[in-house]
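Below: one structure, written as structure tokens.
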Amino acid sequence: MTDHRARRLLVLATFNLCSLGLAGCAAFSPDGGMTAVSDLTSRTIDKDVAFVQTSEGADAIDARVSQLLARTLNAETAVQIALLNNKGLQAAYNELALAETDLVEQSLPPNPVFSISRISGSGASEVERQVVGDILALATLPFRSDIARDQFRQAQLRAAEATLRLANEVRRAYVRAVAGNEMVALLTDAKATAESTAQLAVKLGETGSLNKLDQAREQVFYAETTADLATARQTAASAREKLARLMGLWDGGLDFRLPNQLPPLPRRPQALPSIEADAVAHRIDLQIARLGLNALAKSLNLTEATRFVTLLDLAGISRRTQDPEGAPFRERGFDVQFQIPIFDGGEVRVRQAAETYNLAFNRLTERAVNVRSEARDAYRIYRSSYDIASHYQREIIPLRKIITEEMQLRFSSMQVDIFALLTEARQRLASLRGAIDARQRFFLAQSDLQTAVNGGGTPASGGDNPTTIAAAAPADAGH
Amino acid sequence: MYSRRRFLGTAALVGASALQGRVQAASIPEAPHMDKVVMQPPLHPIGGPDYRPVVTLNGWSLPFRMNGDWKEFHLVAEPVVREFAEGMKVNLWGYNGQSPGPTIEAVEGDRVRIFVTNRLPEHTTVHWHGMIIPSGMDGVGGLTQPHIRPGKTFVYEFEMKKSGTFMYHPHSDEMVQMAMGMMGMVVVHPRDQTFRPVDRDFVFVMSTYRVDPGTYLPHVNEMTDFNMWTWNARVFPGIDPLPVRLGDKVRVRIGNLSMTSHPIHLHGHSFAVTCTDGGWIPESAQYPETTTDVPVGAVRVFDVLADNPGDWAFHCHKSHHTMNAMGHEVRNLIGVSRKDLAKAVGKLAPDSMAMGATGMAMGNMEMPAPDNTLPMMTGAGQFGPIEMGGMFTVMKIREDLARDDYRDPGPYRFPKGTVAYEVTAPATEPARQQPDAVPMKNMKM
Numbered sequence: 002m003t004d005h006r007a008r009r010l011l012v013l014a015t016f017n018l019c020s021l022g023l024a025g026c027a028a029f030s031p032d033g034g035m036t037a038v039s040d041l042t043s044r045t046i047d048k049d050v051a052f053v054q055t056s057e058g059a060d061a062i063d064a065r066v067s068q069l070l071a072r073t074l075n076a077e078t079a080v081q082i083a084l085l086n087n088k089g090l091q092a093a094y095n096e097l098a099l100a101e102t103d104l105v106e107q108s109l110p111p112n113p114v115f116s117i118s119r120i121s122g123s124g125a126s127e128v129e130r131q132v133v134g135d136i137l138a139l140a141t142l143p144f145r146s147d148i149a150r151d152q153f154r155q156a157q158l159r160a161a162e163a164t165l166r167l168a169n170e171v172r173r174a175y176v177r178a179v180a181g182n183e184m185v186a187l188l189t190d191a192k193a194t195a196e197s198t199a200q201l202a203v204k205l206g207e208t209g210s211l212n213k214l215d216q217a218r219e220q221v222f223y224a225e226t227t228a229d230l231a232t233a234r235q236t237a238a239s240a241r242e243k244l245a246r247l248m249g250l251w252d253g254g255l256d257f258r259l260p261n262q263l264p265p266l267p268r269r270p271q272a273l274p275s276i277e278a279d280a281v282a283h284r285i286d287l288q289i290a291r292l293g294l295n296a297l298a299k300s301l302n303l304t305e306a307t308r309f310v311t312l313l314d315l316a317g318i319s320r321r322t323q324d325p326e327g328a329p330f331r332e333r334g335f336d337v338q339f340q341i342p343i344f345d346g347g348e349v350r351v352r353q354a355a356e357t358y359n360l361a362f363n364r365l366t367e368r369a370v371n372v373r374s375e376a377r378d379a380y381r382i383y384r385s386s387y388d389i390a391s392h393y394q395r396e397i398i399p400l401r402k403i404i405t406e407e408m409q410l411r412f413s414s415m416q417v418d419i420f421a422l423l424t425e426a427r428q429r430l431a432s433l434r435g436a437i438d439a440r441q442r443f444f445l446a447q448s449d450l451q452t453a454v455n456g457g458g459t460p461a462s463g464g465d466n467p468t469t470i471a472a473a474a475p476a477d478a479g480h
Numbered sequence: 100m101y102s103r104r105r106f107l108g109t110a111a112l113v114g115a116s117a118l119q120g121r122v123q124a125a126s127i128p129e130a131p132h133m134d135k136v137v138m139q140p141p142l143h144p145i146g147g148p149d150y151r152p153v154v155t156l157n158g159w160s161l162p163f164r165m166n167g168d169w170k171e172f173h174l175v176a177e178p179v180v181r182e183f184a185e186g187m188k189v190n191l192w193g194y195n196g197q198s199p200g201p202t203i204e205a206v207e208g209d210r211v212r213i214f215v216t217n218r219l220p221e222h223t224t225v226h227w228h229g230m231i232i233p234s235g236m237d238g239v240g241g242l243t244q245p246h247i248r249p250g251k252t253f254v255y256e257f258e259m260k261k262s263g264t265f266m267y268h269p270h271s272d273e274m275v276q277m278a279m280g281m282m283g284m285v286v287v288h289p290r291d292q293t294f295r296p297v298d299r300d301f302v303f304v305m306s307t308y309r310v311d312p313g314t315y316l317p318h319v320n321e322m323t324d325f326n327m328w329t330w331n332a333r334v335f336p337g338i339d340p341l342p343v344r345l346g347d348k349v350r351v352r353i354g355n356l357s358m359t360s361h362p363i364h365l366h367g368h369s370f371a372v373t374c375t376d377g378g379w380i381p382e383s384a385q386y387p388e389t390t391t392d393v394p395v396g397a398v399r400v401f402d403v404l405a406d407n408p409g410d411w412a413f414h415c416h417k418s419h420h421t422m423n424a425m426g427h428e429v430r431n432l433i434g435v436s437r438k439d440l441a442k443a444v445g446k447l448a449p450d451s452m453a454m455g456a457t458g459m460a461m462g463n464m465e466m467p468a469p470d471n472t473l474p475m476m477t478g479a480g481q482f483g484p485i486e487m488g489g490m491f492t493v494m495k496i497r498e499d500l501a502r503d504d505y506r507d508p509g510p511y512r513f514p515k516g517t518v519a520y521e522v523t524a525p526a527t528e529p530a531r532q533q534p535d536a537v538p539m540k541n542m543k544m
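Going down the list, the protein sequences come from chains A and B. Position one of the first sequence corresponds to residue 2 (my numbering), numbered consecutively onward. Position one of the second sequence corresponds to residue 100 (my numbering), numbered consecutively onward.
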């Protein structure tokens, strides 16, 4: 009797398992989830991404990278190289692949456990066979696979975010490295000028035309410029090194070529009236948080659904007992264990779930508010840094040029001393340095603006816990 | 330029009606206007006693009309643009289109009536410097007359009591007005034409300006650091030469309304100062000179017999006064090798040329300069750059020049063998006398 019932239950479980398997079983995708990542990122940064899994793939990537490295890099090619060649990014893609394994695992029904036990002694023996299925796991399979799908989607977004973050970092590093080059070139020039005038000052000291005080005054520019040049060289080298790191280059790839100066400013700045809406729609961290909230909501329902049954193990029992005294006899039956939460009534866990959900909800809302503000701020910084850089480019530098030309005319017609030219050259140098700085700030701000709309600007957040969203790290001020 | 015929016509028209007493506004004479900066031919008198007219260096004499026994002149005080030399124009104040104003010529004993119309943005007066006139005609605003307000015309009437060379300038906000170029010369010829006559008579006034390169207005508050040292508001090579026929007796009348004295030097001759704004110097008191210092606010007239043909430099002997715009805060670069200098300059001013390593001689280079300024030294002669500017010109004495011909005769054709020449000398150091090897008594050598 009991035997029949148990058997029927097992059959039922198997049936359920199979029917569920048809509906919820997930298979490994051929791309490891990368297509979605590449779609997401190409939409915003228009670059190829690749998840290197085979040696042929690695060879193709290497060929592509060395092809890109053959020419002087611009910001876009630098980003492209990093996206293909940065091993940290590959690691992020590995995490995505791992998330997919979770998804597949979570969408499979639990494997039934078969057990057989034999107990014997004093001539008596007992053989017990069990087929144990995790009924609960089976019952919650649709929920779990749903959640796992969300989590996989989150993982994809995180991979995309890592991609965008890398692109942003590369762009910033590129801007700094090129601006570093420009500064070094400027100061090298200035140093040469300062050196020859310092030598002239020494000569004038020898002819008796310049006293010690004035000699020192004329030479201090040389001394200062030398120090500035050393600092600039170091800054440029570090910036280049960081770019090399981000592009995943080493050894042979390190002699990549960078331009000597930053590109000119765009003719006019972008007008982005709907930047807040764009940011809220596009920001990957927001999308992640939103999905996290969904997953959480689902798991909360799950908690409510199972609040009285935390663990339900069903074991089909077939026990055969042999008594030495008598003939062997069979016993059949089943064993069901319940844990009934009489004492906490499940209430605590319901509260926990609700608060966890509310926390996540508020965090998401806060995030959205912050994203809007960040977008506005990034746009303002972008605009003002454009205005400042363009003020340098369109006003200050041309005025400096006029001053230089006029001073040279005055020098030519013996109106001013040669050292007046030097004084003017120092001021011009300060303006030119200001202009390089301003242009660098603009290109950094441009990159930050992209980041503020698309995401990828904040450093990796907690990761494991999608409901905990780190407050946006302050954007790198650049100086 | 004024039209002489038109002027004569006007003179004839109004000259018919003899005026007495206070002048009617309608009868104010025409005010001639001059737009040329080159020396105008002498203006022979059209009425009154005859005299031998002067020529004004890069200037002109003011035409007059006879009105009964009055000589009438009309000065218009107004803003003008004066060309200091080609390539530099300065916004000044002057009279009748130019600064300095035209020379007023009259004869000892003449009764003159000088109308002064003020077209300046501020009041003015005219003071007749050195002339013996009634106090009420002396033109000191506030002291002897009300200032002439803008748009008003005043008239000065007096008798030319003594012959000589005088000046006119405002005595009304004079610091500004003289710094802006308000000045001119007055020549009163002796009634007796046999009194110390000359064949050629030149006149000019010296003034100085500070016009920073690239600007068009002088600094009116400058006291000492001028950069434009002018004769009749012209600088070399903008100053006309003084063409003279060999053997002519030449008179040069020089007024000084700048703020420093100018030792004026003529090459190749000795001369005698014959007159100041105080009057004629008795011949017994004259002594020979080649340089005469013209003090501030004074006139010096020298007479010279042009008996030495050639091109003779004639200039102020303060060497900075024979330079145009130059910076006075420029370090001395003598002794630094040209190469070192070129290296330093090349870095700082790629388009400039290194100079000054041996001196400032650079007359043969066309140096780029700021707008509206002149090279520090310029002007070319037949042998190359003259390396001069400012108060410098040339007295050109020629045998083949006609009487009263004031045209530039061109460069002097030196007779063969009369020009300094190069000799072939060994490249070694020239032999030098050895100082006495025996030490002097009580001297540590």
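Where is the CB? At the ideal position from N, CA and C, for every residue including glycine. Here the structure is a predicted model, which is why all the values come from computation and not from measurement.
Could you round the C-beta distance between residue i and residue j to whole angstroms and report it? I think they count as a contact, below 8 Å.
i       : j       : result
V417(A) : V429(B) : 7 Å
T357(A) : L297(A) : 7 Å
Q157(A) : G34(A)  : 5 Å
Taking the CB atoms as reference points, tell me whether residue i and residue j lie closer together than 8 Å.
i       : j       : result
M422(B) : M475(B) : yes
L205(A) : L211(A) : yes
E207(B) : H288(B) : yes
T264(B) : V372(B) : no
A405(B) : V351(B) : no
W169(B) : Q276(B) : no
Expressed to the nearest angstrom, what Euclidean distance is found between the alpha-carbon atoms of residue i and residue j?
i       : j       : result
V285(B) : G426(B) : 35 Å
H368(B) : A412(B) : 11 Å
D32(A)  : N182(A) : 40 Å
L266(A) : Y393(A) : 11 Å
F222(A) : K188(B) : 39 Å
Q533(B) : Y511(B) : 42 Å
R181(B) : P394(B) : 25 Å
T481(A) : A290(A) : As shown, chain A starts at 2 and ends at 480. That puts residue 481(A) outside it, with no answer to give.
Y94(A)  : Q155(A) : 13 Å
A240(A) : N112(A) : 54 Å
V297(B) : I496(B) : 15 Å
S116(A) : V128(A) : 10 Å
A530(B) : A524(B) : 11 Å
V281(A) : V454(A) : 8 Å
V137(B) : I231(B) : 32 Å
Q81(A)  : R258(A) : 15 Å
Along the beta strand (DSSP E) that carries residue i, what are the first and last residues, could you check?
i       : result
I117(A) : V114 to G122
S306(B) : R299 to Y308
Between which two residues does the alpha helix (DSSP H) harbouring residue i extend?
i       : result
P143(A) : L142 to T208
F491(B) : Unbroken run through F491(B) is the beta strand (DSSP E), F491 to R497; no alpha helix (DSSP H).
G89(A)  : K88 to Q107
Y80(B)  : Within the shown structure, residues of chain B are numbered from 100 to 544, placing residue 80(B) beyond reach of any answer.
T357(A) : E348 to H392
P199(B) : P199(B) -> no alpha helix (DSSP H), and no H or E assigned at all.
To which residues of the same chain is residue i closer than 8 Å at the C-beta, ignoring the five residues directly before and after it?
i       : result
Y383(A) : P270, Q271, F443, A446, Q447, D449 and L450
D103(A) : A149, Q152 and F153
R218(B) : V175, A176, E177, P178, P249 and G250
L422(A) : M408, Q409 and F412
Please go through the same chain and pick out, in chain order, the residues whose beta-carbon is closer than 7 Å to the beta-carbon of residue i, but skip the five residues on each side of it.
i       : result
R65(A)  : L85
A79(A)  : V171, Y175, L244 and M248
E425(A) : I404, T405 and M408
Ordered along the chain, which non-local residues of its own chain (more than five positions away) have a Cβ less than 6 Å from that of residue i?
i       : result
A161(A) : V38, L41, T42 and I285
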